[in-house]
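Q: Numbering (my numbering), first residue to last: 589 to 847.
The beta-carbon is built from N, C-alpha and C at its ideal position, and this holds for glycine as well.
What follows is a structure written as structure tokens; I'll ask about it next.
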Amino acid sequence: MSSRRAALVTGAAQGIGRAAALRLARDGLDVAVSDLEHKAADVEQLVNEIRGYRRNSVAVYGDVSSEEAVVALVDQTVSELGSLDVVVANAGIFEAESILTSEYTWQRVMDVNAKSAFLCIKHAANMMVKQGKGGRIIVASSLAGKQGAANVGAYCASKFAVRGLVQASAAELKQHKITVNAYAPGFITTPMRTRRSPVSNTALEIASLSHIMTGLDRSALPTQGTPEEVAGLVSYWASEEAGYVTGQTWAIDGGTYFD
């Protein structure tokens, strides 16, 4: 890898994405930060913070469930920053609804969580193969991708899908020196965990997450983690030292779930 590297982080306006972008900047990478256009104020503030670390940064906007948009994100990153060496496919949504009800929720969650992961891996890998110097692809899964629960069927399915996609992609891309891994957070203090979605039932969210997080009653660590703790794992996977780790989905959950 060259000494000057560039990363693209999706879902970067807040939470884990924001923390990951700042951590990569502190690690010496230039960082393109992506989110939806209605979050432009937060994204532009993040760009300025990254530049405060004397790293180049650019805001790129788009819906990561659209292939055309993901192609544009990758191309803009390379055009502005010179290369694409690390991708953090962090964008995602959480919705709670019974498996017996809405097809809309199922499709929306699968598009934003699973389809977007596929598109980011596909087009990041295409660019990295073209560049010929390897790369790091890091994807957001969840504890709900390791342990299912009632009333979050779409979310669990989307995050289980990410795990399988990471393993398949890692096997296929290792010949190009591209690693693919995923982080699986438990309770992390982020806006996605605290908001109330128009199509979510907060009581269902609480009950379902509580089942996942406390059903095993094994956590001896604090009940909530921080985005910065997840960003620390992203930092490791983005580093040269992580070149022998691929196809993994690591839990960051205070010891709730044991593989």
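On a Cα-Cα basis, can you pick out the residue from Glu637, Ala613, Ser653, Ala830 that is closest to Thr767?
A: The shortest C-alpha separation from Thr767 is found at Ala830.
Q: For Gly733, count the other beta carbons within 10 Å of its own beta carbon; 16 or more makes it buried, fewer makes it exposed. Which is it?
A: It counts as buried.
Q: With 16 other CB atoms within 10 Å as the buried threshold, where does Phe846 fall?
A: Answer is exposed; the Cβ neighbour count stays below 16.
Q: Mind the definition here: the stretch 706 to 721 touches the stretch 630 to 649 only if three or more C-beta pairs lie below 8 angstroms; say whether that holds.
A: No: fewer than three Cβ pairs fall under 8 angstroms.
Q: Measure the alpha-carbon distance for Gln735 versus Cys744 and round it to whole angstroms.
A: When rounded, the distance between both Cα atoms is 8 angstroms.
Q: Pull the bridge partners of Asn769 from the DSSP assignment, please.
A: In DSSP, Asn769 forms a bridge with Ile726.
Q: Would you mind sorting Lys718 into buried or exposed? The rule is 16 or more other CB atoms within 10 Å of its CB.
A: Classification of Lys718: exposed, given that the 10 Å Cβ count is below 16.
Q: Between the stretch 591 to 601 and the stretch 619 to 626, are three or more C-beta pairs nearer than 8 angstroms?
A: Yes: at least three Cβ pairs fall under 8 angstroms.
Q: When DSSP labels each residue in this structure, what does Ile638 get in the three-state scheme?
A: Here Ile638 sits in helix by DSSP.
Q: Please work out which residues of its chain come closer than 7 angstroms, Cβ to Cβ, to Leu761, disregarding the five sequence neighbours upstream and downstream, and give them in chain order.
A: Result list for Leu761: Ala713, Val768, in chain order.
Q: I'd like the list of long-range same chain contacts for Val659, defined as Cβ closer than 8 angstroms, with 5 residues on each side in sequence excluded.
A: Excluding positions up to five away in sequence, the list reads His711.
Q: Using DSSP with H/G/I as helix, E/B as strand and the rest coil, what is Val619?
A: Looking at Val619 - three-state DSSP - the assignment turns out to be strand.
Q: Taking 7 angstroms as the cut-off, decide whether the C-beta atoms of Leu688 and Ala594 are in contact.
A: No, they are not a contact pair.
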